[in-house]
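Input: a single structure, listed below in structure tokens.
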Amino acid sequence: MCPTVELTETATDRLEELQAEIRRETGRDVSKRVLLERIVRAAYESRDEVVDQFRDDSPS
Numbered sequence: 771m772c773p774t775v776e777l778t779e780t781a782t783d784r785l786e787e788l789q790a791e792i793r794r795e796t797g798r799d800v801s802k803r804v805l806l807e808r809i810v811r812a813a814y815e816s817r818d819e820v821v822d823q824f825r826d827d828s829p830s
């Protein structure tokens, strides 16, 4: 089962822009699921940088 994640309109737009750029540059269609999995993998591999980004943010 795939969980549902609600994204802001801005995040959705950026994700779609990334999909379009991948399509233009590679000629391949990439689903949002595959793109998000790659983004999560890349963030996990550089998780110290991701954690630091939240350290620098003011609390929500």
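For the sequence shown, the positions run 771 to 830 when our numbering is used. Quick reminder that beta carbons are idealized off the backbone N, C-alpha and C, glycines included.
Return the chain-ordered list of same chain residues with a C-beta closer than 8 Å to the C-beta of residue i, the five sequence neighbours on each side being excluded.
i: residue 777; result: 785
i: residue 803; result: 772
Looking only at its own chain, which residues have a Cβ that is under 6 Å from the Cβ of residue i, when we skip the five neighbours before and after it?
i: residue 792; result: 800
i: residue 820; result: 813
i: residue 806; result: none
Tell me where the alpha helix (DSSP H) around residue i begins and ends.
i: residue 777; result: Neither: residue 777 is in no alpha helix (DSSP H) and is coded neither H nor E.
i: residue 800; result: Unbroken run through residue 800: none, as it is neither H nor E.
i: residue 826; result: 817–826
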